[in-house]
Amino acid sequence: MRASPAAPVPAGTLRGPAPGPVLALLTAALTAVAAFLAVPDRAQAAVDGAVTAWGYNGDGQAGVPEGLTGVTQVAGGYYHSLALRSDGTVTAWGYNGDGQAGVPEGLTGVTQVAAGYHHSLALRSDGTVTAWGGNDLGQAEVPAGLTGVTQVAAGAFYSLALRSDGTVTAWGDDARDLIDGAAGLTGVTRIAAAPYHSLALKSDGTVTAWGMNMEGETDVPAGLTGVTRIAAGYHHSLALKSDGTVTAWGGNDFGQAGVPAGLTGVTRIAAGDAHSLALRSDGTVTAWGRDDLGQTGVPAGLANVAQIAAGSHHNLALSRSAVAFQQTVRTVTENAGAVPLTVTRTGVTSSAEVRYAHTGGRATSGSDFVLTPGTLTFAPGQATKAITLTIRDDTAPETAETLTVTLSSPGSGTELRSPATMTVTIAVSDQRPDALISASASSGYVGNNVYTAGAAAAQTKAVTMRRTGRTLKPRSFYVRVYNDGTDTAVITIKGGRAAAGSAVRYFSGSSDVTARMHSAAGLRVALARGSYRLIRVQLQLSAAVPAGSARYATVWGTWSGDGTRSDVVRAAVKVSR
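Just so it is clear: in the sequence shown, position 6 is 6 by full-length UniProt numbering, and no numbers are missing.
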């Protein structure tokens with residue numbers, strides 16, 4: 001059996017082995033590191049990047065490499081970090097004194113990575129494991145013939161591999177039964193490796209723990225079931241339950257096992273040296289525990305997080321690029337022309353793309369609008385992009401119409417967020433009632449279709465009357481309220497009241513509709529396209545009306561889709577003498 005490293009340092013100091021290969025200098029190195037951390041380095045959080053890191057950055061472990069894109073998984077070690085990329089390659093950064101950040105040349109086909117204190121592991125698509133870095137206790141000596149691996153985990157000086165048959169293979173330091181404790185396990189679905197203890201999640205939702213138990217880290221709470229994920233810190237352990245809550249046990253000297261009250265909706269967990277992380281279903285991260293190095297100082301604005309990882313004193317978060325419409329609804333006029341429909345995204349380091357198309361609504365493509373389906377492509381650093389919708393100003397009056405534009409099929413590494421659809425309303429194009437007036441039922445109609453309440457003078461039909469003795473006979477006028485739109489329209493017809501010295505009555509056919517046309521609701525008629533309603537206006541002047549003056553009767557036709565405007569005509573009777 002190989003020699004064991006020095007025992008872990010007590011709580012309250014920087015725990016874990018210091019960088020460097022000489023174990024004999026461990027205690028002195030730890031003292032030096034603790035002194036160095038009196039004024040700690042902290043990572044500069046770049047919250048818009050695919051990978052965000054924060055916490056201790058003394059060896060660059062939280063300094064995400066510039067231009068790192070296409071990341072699908074991250075892992076944090078003691079002083080180094082790993083990122084798995086979508087092409088199956090691995091990028092490493094941070095401390096490399098034992099080669100832990102020196103990714104083997106030609107390593108491809110990787111599906112998962114894990115980071116230990118001074119070594120790194122990569123699971124390949126063929127079920128084999130590649131290890132590199134520190135190997136002083138055999139932690140990087142992958143057992144010959146190891147295949148069928150589905151997950152790997154790295155502790156301080158040992159490694160774990162979960163196999164497809166539910167068993168666990170362990171290698172490296174066995175001073176605390178870290179290797180022997182894995183023997184005989186079955187039905188395992190997930191594994192987690194802390195520096196000096198390990199956890200296994202079993203298919204029945206229970207947790208098994210083994211290894212060092214200085215602060216109760218392997219004392220799994222009685223009755224703990226329904227667990228879906230596990231994480232192991234230096235002296236504490238975490239379990240995520242199917243109801244989205246977190247259970248913690250073990251060392252709590254920095255509050256690392258004190259789960260925040262009300263924490264729910266959790267989808268992933270991670271454990272560092274003396275701090276804990278929880279990823280929530282809304283893509284935000286909650287952290288608690290030790291914070292002297294910024295470990296729990298989650299960067300402001302960090303969102304759309306898909307995966308988290310905790311190193312000893314630093315953290316990593318993988319944020320997906322997310323695209324969505326800037327708004328769910330928009331109203332435009334028929335003469336709007338080119339209208340930009342803005343799509344926004346978060347996580348702008350990489351390029352991204354999303355498809356778009358017209359997917360519904362009453363508006364007719366080609367005559368009411370033009371929208372060519374296509375792909376919207378975001379360049380790296382670009383947070384907004386616009387789809388061009390062209391509104392066509394046709395001459396036919398129309399009711400309000402809508403169209404729906406939908407985003408779909410986001411590119412790799414990009415997710416679709418709500419709202420993924422936008423409804424555009426093309427505001428009403430008036431089904432204008434063309435009010436025309438004549439003194440004859442069959443001819444002589446006037447009216448210039450000025451659709452405004454202030455233009456009645458331009459649409460007045462006037463007749464002159466002479467007295468026969470002291471009598472003024474009633475005069476009739478005819479108003480045609482015509483639907484010149486493209487659809488059936490409901491038209492409201494109203495008539496003015498008589499001025500002093502006159503009386504006015506309105507007829508539709510043989511029906512006296514005076515009261516209805518005087519009412520606030522008016523006379524409402526449904527007119528098919530191209531049809532009209534004939535209203536007879538009977539204007540009676542009294543003998544007291546002096547010569548040279550006139551009396552009027554006014555008729556309004558208003559489309560129900562636009563109650564703010566009317567076509568107005570007037571009947572006028574003038575007394576000559």
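Cβ coordinates follow ideal geometry from the N, Cα and C atoms, glycine included.
Residue closest to residue i, alpha-carbon to alpha-carbon, out of the options
i	options	result
I535	S86, G76 and G522	G522
R268	T225, V305 and T169	V305
V424	T388, T169, Y78 and R551	T388
T328	R516, T404, P299 and G366	T404
G216	A232, T128, A317 and R330	A232
L224	G205, V504, G485 and V332	G205
Q73	P433, A309 and A357	A309
A543	T167, V575, R533 and R529	V575
Q382	G366, Q295, D393 and E353	E353
Q139	A153, G145 and T147	A153
A83	F477, G99, V103 and V266	V103
A300	T286, S312 and D292	T286
L248	S242, F254 and G258	Contrary to the premise, residue 248 reads as Ala rather than Leu in this sequence. The candidate whose alpha carbon is nearest that of A248 is G258.
R331	A324, L341 and V323	It should be pointed out that residue 331 corresponds to Thr in this sequence rather than to Arg. For the residues A324, L341 and V323, the minimum Cα distance to T331 belongs to L341.
A348	G360, A271, K385 and G99	In the sequence as displayed, the identity of residue 348 is Val instead of Ala. The candidate whose alpha carbon is nearest that of V348 is K385.
A439	G262, S198 and F477	F477
G106	A122, Y117 and G94	A122
A441	K473, M465, G411 and V481	V481
V555	D273, T377, A498 and G60	A498
N96	G88, V71 and G58	G58
D165	G70, G184, R280 and R524	G184
A303	S350, V51 and G561	V51
Cβ separation of residue i and residue j, assumed to be a contact under 8 angstroms, to the nearest whole Å
i	j	result
A209	S237	6 angstroms
T375	R345	So it is not a contact: roughly 14 angstroms between Cβ atoms.
A115	H80	6 angstroms
V90	V110	6 angstroms
G127	G145	Not a contact, Cβ separation roughly 11 angstroms.
S125	G133	Wrong, their Cβ atoms sit about 22 angstroms apart, outside the cutoff.
L293	G55	6 angstroms
V475	V573	Reading the sequence as shown, one finds Arg at residue 475 and not Val. With a Cβ gap of about 5 angstroms, R475 and V573 count as contacting.
A194	Y234	6 angstroms
L541	A489	35 angstroms between Cβ atoms; not a contact.
Helix, strand or coil at residue i [DSSP, three-state]
i	result
D253	coil
D567	strand
A462	strand
D273	coil
D562	coil
G289	strand
A28	Any answer about A28 is weak, because its pLDDT of 30 lies below 50 and its placement is not dependable; what the coordinates show is given next. Reduced to three states, the DSSP call for A28 is helix.
A544	coil
R42	Residue placement at R42 is flagged as unreliable, the pLDDT there being 40, under the threshold of 50; the coordinate-derived value follows with that caveat. Looking at R42 - three-state DSSP - the assignment turns out to be strand.
G557	strand
D174	coil
A182	helix
R432	coil
Beta-bridge partners of residue i, as assigned by DSSP
i	result
R551	V573
G55	H314
T284	Partner(s): none; T284 has no beta bridge.
Q538	S476 and R505
Y532	Y482
V298	DSSP lists no partner for V298.
R524	T492
R268	L279
S438	Y478
Legend entry - Inside the region 470–518 only - alpha helix (DSSP H) runs reaching at least 4 residues: 514–518
Inset, instruction - Would you mind listing the beta strand (DSSP E) stretches within the region 94–166 that are 3+ residues and don't spill past its ends, in chain order? - result: 110–115, 119–124, 129–133, 149–154 and 158–163
Inset, instruction - Report the residue ranges of all beta strand (DSSP E) runs contained in full by the UniProt domain "Calx-beta" (303–408); include only those spanning at least 3 residues, in chain order. - result: 305–310, 314–319, 321–325, 329–332, 338–346, 352–360, 374–378, 384–391 and 401–408
Inset, instruction - Jot down the residue ranges of each uninterrupted beta strand (DSSP E) in the region 185–263, minimum 3 residues, whole runs only, in chain order. - result: 188–193, 197–202, 207–211, 227–232, 236–241 and 246–250
Inset, instruction - Would you list, in sequence order, the uninterrupted beta strand (DSSP E) runs of no fewer than 3 residues that lie entirely inside the region 60–91? - result: 71–76 and 80–85
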